[in-house]
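Asks:
In this note's numbering, the protein residues as written are 2 to 533.
1) Using 10 angstroms around the beta-carbon of residue 18, count the other beta-carbons present and answer buried if the total reaches 16, otherwise exposed.
2) I'd like the list of long-range same chain contacts for residue 340, defined as Cβ closer than 6 Å, with 5 residues on each side in sequence excluded.
3) Quick test of your reading: residue 390 and residue 366, contact by CB under 8 Å. State the CB separation rounded to the nearest angstrom.
4) Within 10 Å of its beta-carbon, does residue 401 have 16 or more other beta-carbons around it, so buried, or fewer, so exposed?
5) So, is residue 86 buried or exposed, given that buried needs 16 or more other C-beta atoms within 10 angstroms?
6) Using C-beta distances below 6 Å, list every residue in its chain close to residue 159, excluding the 5 sequence neighbours before and after it, in chain order.
7) Cutting at 8 Å between CB atoms, please list the residues of its own chain near residue 218, excluding the five before and the five after it.
8) If you scan the stretch 295-352 from start to end, which runs of the beta strand (DSSP E) of 3 or more residues do you find wholly inside it?
9) Per DSSP, what kind of secondary structure is residue 442 in: helix, strand or coil?
10) Please identify the residue among 71, 420 and 460 whose C-alpha is closest to the C-alpha of residue 435.
11) If you count every other CB in all the chains shown that lies within 10 Å of the CB of residue 37, and 16 or more means buried, which is it?
12) On the three-pair Cβ rule with 8 Å, is the stretch 89-108 touching the stretch 349-364?
13) Give the range of the alpha helix (DSSP H) segment to which residue 477 is assigned.
14) Is it the case that the stretch 116-125 contacts the stretch 17-31, given that we only count it when at least three CB pairs across the two stretches are under 8 Å?
15) What first and last residue would you give for the alpha helix (DSSP H) that runs through residue 76?
16) Residue 13 to residue 255, Cα distance in whole Å?
17) Do you know how far the Cα of residue 111 is from the Cα of residue 133?
18) Identify every run of the beta strand (DSSP E) within the stretch 225-258, keeping only runs that are complete inside it and at least 3 residues long; order them along the chain.
19) Could you spell out the range, first to last residue, of the alpha helix (DSSP H) harbouring residue 433?
20) Put residue 362 into one of helix, strand or coil per three-state DSSP.
21) Could you give the residue range of the beta strand (DSSP E) that holds residue 286?
22) Whole angstroms is fine: what's the gap from residue 483's alpha carbon to residue 444's?
23) Taking the straight line between their C-alpha atoms, what separation do you get for residue 346 and residue 354?
24) What does DSSP give as the partner residues of residue 421 in its beta bridges?
25) Mind checking whether residue 456 and residue 423 have CB atoms under 8 Å apart?
26) Where do the N-terminal and C-terminal ends of the alpha helix (DSSP H) with residue 217 fall, by residue?
27) Leaving out five residues on either side along the sequence, give the residues of the same chain with a beta carbon under 7 Å from the beta carbon of residue 47.
28) Determine which residues share a DSSP beta bridge with residue 208 and list them.
29) DSSP on residue 93, reduced to helix/strand/coil?
30) Just reading off the beta strand (DSSP E) that residue 185 is part of, what are its end residues?
31) List the endpoints of the continuous alpha helix (DSSP H) containing residue 506.
32) Measuring straight from C-alpha to C-alpha, what distance separates residue 56 and residue 377?
33) If you follow the alpha helix (DSSP H) that residue 394 is in, where does it begin and where does it stop?
34) Look up residue 60 in the DSSP assignment and give the residues it is bridged to.
35) Taking 7 Å as the limit between beta carbons, can you name the residues of its chain near residue 96, skipping five residues before and five after?
36) Please report the distance separating the alpha-carbon of residue 137 from that of residue 229.
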């Protein structure tokens with residue numbers, strides 16, 4: 002592996018090779034690669050002034066911005082580890098991630114200061130820095146003030162590709178979030194591999210509309226375009242109408258748009274009134290999809306190429322890519338082929354390869370595979386075995402095409418977010434003492450991919466409604482984790498050992514037999530109650 006393959010090297014090289022090219026466009030501001038590199042350097046020295054050095058952790062809470070991106074790259078230049086925090090999380094979830102990651106600095110978008118203030122006692126010893134607005138949080142520092150007095154000289158740090166660069170939290174089977182640690186090499190090799198599959202054109206311009214607290218926004222095409230010295234147009238937050246405006250205004254040619262946002266874009270009433278003719282390629286991703294999505298997207302947006310990726314945070318994230326044209330369109334739910342540096346196998350419970358057509362666990366090996374979960378040795382031993390990452394996803398090969406089947410465990414992918422059933426179950430029980438039991442499953446949904454469904458048993462005499470159940474849980478769970486539908490039953494199906502049989506539970510919901518039973522006051526299952 003190339004030792005100097007680091008994120009900082011990517012930024013420095015682009016600034017040296019393409020100094021006058023546009024690098025970042027954000028809300029009326031445009032920076033060349035030379036200007037952007039100087040901003041990154043000033044941010045790096047500002048962090049150093051706060052006592053941040055090699056191996057220290059810096060967390061950020063905010064929506065997409067040029068400051069978000071430059072903090073990621075400035076942390077990388079000094080060998081610090083950059084941690085992303087989903088701004089949609091509940092306050093206690095945010096403070097858990099900041100403290101569990103041992104972050105020394107938390108950088109906060111001004112609009113989220115009240116959120117942090119509500120858990121300020123949990124963040125003792127963490128330096129708080131506010132950007133993009135006035136500082137109102139007691140004891141917090143101004144990011145703009147720190148950067149203004151910092152040097153734009155290149156930081157002096159000796160790094161290599163094996164050094165840690167990012168920590169991104171993803172929930173585990175226990176429902177507690179785990180920090181996936183990615184190295185500089187993981188990120189750079191993943192970007193290089195994408196470049197071999199879909200090399201950008203000299204005139205390309207990328208729309209960064211997916212949230213930067215996900216690898217879909219912070220990385221994949223973003224790093225690839227930086228390597229090639231091409232411009233990024235950053236959206237603060239996904240909005241289909243705003244996406245159309247930016248594509249038209251900046252002649253955007255390429256975008257990463259996950260399934261739910263893509264469906265929102267295609268359903269936009271004024272879609273046809275925008276000139277989107279510059280857009281030539283869209284990269285999307287999900288575990289399951291129908292043929293209608295790529296067909297409709299290619300037709301409505303007049304795309305040259307539509308790529309569908311399968312990946313996970315622990316693989317930085319790309320594992321496979323499918324291009325939709327010709328034969329591929331006839332194969333629903335195909336994950337396509339592994340990227341050039343990835344080895345992919347389908348194995349049984351003994352880690353032995355299974356024959357084509359037989360379902361097994363998808364495991365992957367390559368320079369993109371993460372270093373491990375932060376402070377989680379038992380979880381690492383479970384997923385990293387003999388050099389292979391065990392994804393927990395079930396798949397099979399057929400005619401050299403890889404097909405996704407289901408998840409070994411109970412993760413739900415809803416609207417591009419990972420939702421874990423046990424975490425939701427624990428939150429619902431904690432918020433609703435009227436519940437005797439609850440089981441959470443994902444149900445196929447045209448808009449969300451999977452919709453979170455809660456099947457509940459009430460305690461005797463309780464008249465809890467679906468609306469009340471969800472309202473009570475809002476302080477415990479992020480909005481996207483709340484159930485879209487609630488079903489009331491007299492009892493949950495269980496096996497002889499007392500465990501809920503979720504396959505039977507899914508059948509009950511699918512056939513309409515998991516309808517309100519114990520709570521007539523609840524009415525019909527609540528549609529889209531947890532959206533937001």
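Even for Gly, the Cβ is constructed at its ideal location relative to N, Cα and C.
Computed from a predicted model, the values in this text were never measured in an experiment.
Replies: According to the structure shown:
1) exposed
2) For residue 340, the CB contacts under 6 Å within the same chain, skipping 5 residues up- and downstream, are 194 and 319 in chain order.
3) 7 Å
4) exposed
5) buried
6) none
7) 65, 209, 210, 211, 212 and 257
8) If we require 3 residues or more, the beta strand (DSSP E) runs fully inside the stretch 295-352 come out as 306-312, 319-324, 335-339 and 344-348.
9) Of the three classes helix, strand and coil, the one that applies to residue 442 here is strand, per DSSP.
10) If we check each option's Cα against that of residue 435, 460 comes out closest.
11) buried
12) Cβ pair count under 8 Å is below three, so no.
13) Here residue 477 belongs to no alpha helix (DSSP H), and DSSP marks it neither H nor E.
14) no
15) 67-78
16) 24 Å
17) 6 Å
18) 233-235 and 255-257
19) It is not in any alpha helix (DSSP H) - residue 433 carries neither H nor E in the DSSP assignment.
20) strand
21) Here the beta strand (DSSP E) through residue 286 covers 282-286.
22) 14 Å
23) 7 Å
24) 412
25) no
26) 216-219
27) 147, 148 and 151
28) 234 and 256
29) helix
30) Premise fails: residue 185 lies in the alpha helix (DSSP H), 185-198, not in any beta strand (DSSP E).
31) 503-511
32) 17 Å
33) Annotation for residue 394: no alpha helix (DSSP H) segment contains it, though the beta strand (DSSP E) segment containing it runs 389-399.
34) 84 and 107
35) 120, 123 and 124
36) 40 Å
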